Amino acid sequence: MMRCEWSGRLRKAAHVLMYGVLGLMAFAEWEVRGLTPAELLLGVTAGIWGLALVLDPKGFVPVLKELRRYWAMGLFVGWMVVCACFAEMKGMAWVKVVQWGEYFVVAVVLLHDFFATNRRRVVRGMWILLGVMGIFVAVAMWQYFGDLEGESPFGVRGLFKHANVLGGYLALLVPVCFGVLCEVRRWWVRLVMGALVVCGLMVTLSGAAYVAMVLAMAGIGAARGARCFVATCVFLMVWQVVVMEQLAARDWMRENVAEHLASAAIYEDDGEPAPRYPEWQAGIYMMTDEPVVGVGPGHYQRKIGQYYGMIPRSPRPKDESDVEIQNQYLVLGATMGLPGVLAFLAMGVSALIGGRGWRRGLAGGAAAGVLAFAGVLVWHPLIVRGVALVFVALLVVCHALREAKPRDDNNGKRGC
Numbered sequence: 025m026m027r028c029e030w031s032g033r034l035r036k037a038a039h040v041l042m043y044g045v046l047g048l049m050a051f052a053e054w055e056v057r058g059l060t061p062a063e064l065l066l067g068v069t070a071g072i073w074g075l076a077l078v079l080d081p082k083g084f085v086p087v088l089k090e091l092r093r094y095w096a097m098g099l100f101v102g103w104m105v106v107c108a109c110f111a112e113m114k115g116m117a118w119v120k121v122v123q124w125g126e127y128f129v130v131a132v133v134l135l136h137d138f139f140a141t142n143r144r145r146v147v148r149g150m151w152i153l154l155g156v157m158g159i160f161v162a163v164a165m166w167q168y169f170g171d172l173e174g175e176s177p178f179g180v181r182g183l184f185k186h187a188n189v190l191g192g193y194l195a196l197l198v199p200v201c202f203g204v205l206c207e208v209r210r211w212w213v214r215l216v217m218g219a220l221v222v223c224g225l226m227v228t229l230s231g232a233a234y235v236a237m238v239l240a241m242a243g244i245g246a247a248r249g250a251r252c253f254v255a256t257c258v259f260l261m262v263w264q265v266v267v268m269e270q271l272a273a274r275d276w277m278r279e280n281v282a283e284h285l286a287s288a289a290i291y292e293d294d295g296e297p298a299p300r301y302p303e304w305q306a307g308i309y310m311m312t313d314e315p316v317v318g319v320g321p322g323h324y325q326r327k328i329g330q331y332y333g334m335i336p337r338s339p340r341p342k343d344e345s346d347v348e349i350q351n352q353y354l355v356l357g358a359t360m361g362l363p364g365v366l367a368f369l370a371m372g373v374s375a376l377i378g379g380r381g382w383r384r385g386l387a388g389g390a391a392a393g394v395l396a397f398a399g400v401l402v403w404h405p406l407i408v409r410g411v412a413l414v415f416v417a418l419l420v421v422c423h424a425l426r427e428a429k430p431r432d433d434n435n436g437k438r439g440c
């Protein structure tokens, strides 16, 4: 009896700490001995949760049985272990295995127990993630308007090191804000969510992330019906054609459209190919050279240079604007082979297929955020600190809400 009582207390303590983990996920630049605050707190939480499991295994049986739905994540990490065994520098490979194992195994187990045992925690947890997003957007807005005449868009990065990472982060959460905006009745919630959507679109200077967010928002509108879809399209057209163009013409905001196009351009202004696409071609050669187990986790940057000799024309030397230009799927294929890419894709597909509640605000927003992020990964390798844990949290939210039934929150009138 005492063991069960102590197990329950430890489990509740782990759940309380998970609120802190959710709040610290995006703060990747503050490191303590190479670990972020979220990673440190996640490790402490895992220890407490594991002790609770040892004291009362039977109390965890229902939750442990439900972990079968995360088979794709287990397969992904398992294949990563296999690839690490064949890597040239096994120490480097195992560091990556441990890091991603914490993201895709430890975090998944703890988040599932946190969300599955109390659905209200899903809403609370998402409010924490969106609140932190508000902090990052506020910092990015200050950076955006603090240097309107700045030539480089890379200073608008929030609290991340690079603007493209901020774009991927917002691609995950802006659709969630829009989904909630379309669903809720409270005017102040709509006002806050609307402000986050508008400000998030404004400070996103990555073309790939911006297009992904726009398509995700249009998809949310389409899932909710013709009226919501038309209203969404009108808003996006007014924002794109009237607001951004006119304000930029009056020097009240940056030329976002030009920066979006420049971030995904195939050629530079001088006619040289942009470094992104030659690197993709080199990455394809790298992947086809080792299609089964790849060159090993964590070995991409170490090996990619030798494959530049296989492309017809070497690009110009990289500069600071060429950070985060890799294709995440090619990185996975080059380091873990084609099975690693397929296992990674299966994580997203297994979270989205079979859901019956995608017309609801939070569920639809989370699903749209996952899809938008999957699109951004084509242009930027964003399974990195500060973003990867947020991505994992949305995957778990999708699993937790996939069985939710559509609900009318407006007395018979749908939102939007």
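The opening residue of the sequence shown carries number 25 in the working numbering; numbering runs sequentially from there.
Idealized CB from N, CA, C, for every residue including glycine.
Just so you know, these numbers come straight off a predicted model, no measurement behind them.
The Cβ atoms of Leu386 and Val221 do not sit closer than 8 Å to each other. A buried status is given to Pro405, since no fewer than 16 other beta-carbon atoms sit within 10 Å of its beta-carbon.
Annotation note: the segment 346-408 contains the following uninterrupted alpha helix (DSSP H) runs of length 4 or greater, listed N- to C-terminal: 352-376, 385-400. DSSP places Val121 within a helical segment (H, G or I) once states are collapsed to three.
Here Val266 carries a helix assignment [DSSP, helix/strand/coil]. 8 Å or more divides the Cβ of Gly307 from the Cβ of Leu366. Going by C-alpha positions, Leu88 is about 29 Å away from Ala117.
The DSSP assignment places 85-90, 95-109, 114-125, 131-140 as complete runs of the alpha helix (DSSP H) inside the segment 85-152, in order along the chain (cut-off: 4 residues). Annotation: the continuous alpha helix (DSSP H) that includes Val221 extends over 211-227. Our two residues, Leu418 and Val198, have alpha carbons roughly 12 Å apart in a direct line.
Pairing Gly389 with Val200 gives a Cβ-Cβ distance under 8 Å. In the structure shown, the three-state DSSP call for Pro315 is coil.
Per DSSP, the beta-bridge partners of Pro297 are Tyr291. Non-local C-beta neighbours of Val180 in its own chain, meaning closer than 6 Å and more than five positions away in sequence, comprise Ala164, Gln167, Tyr168, Ala187, Val227, Leu229, ordered along the chain. In the three-state scheme derived from DSSP, where H, G and I count as helix and E and B as strand, Leu183 is classed as coil. Separation of the CB atoms of Val132 and Val416 is rounded to 6 Å, and the pair is thereby assigned contact status at 8 Å. By the C-beta density criterion, Ile377 is exposed, having fewer than 16 other C-beta atoms within 10 angstroms. According to the DSSP assignment, His323 belongs to no alpha helix (DSSP H), since it is labelled neither H nor E.
For the pair Leu65 and Phe139, the Cα-to-Cα distance works out to about 18 Å. According to DSSP, residue pairing for Val200 in a beta bridge does not occur. Counting other Cβ atoms within 10 Å of its Cβ, Lys82 stays below 16 and is therefore classed as exposed. The three-state secondary structure of Val411, taken from DSSP, is coil. Separation of the CB atoms of Tyr331 and Tyr309 is rounded to 5 Å, and the pair is thereby assigned contact status at 8 Å. Of the residues Ala108, Cys107, Phe128, the one whose Cα lies closest to the Cα of Val408 is Phe128.
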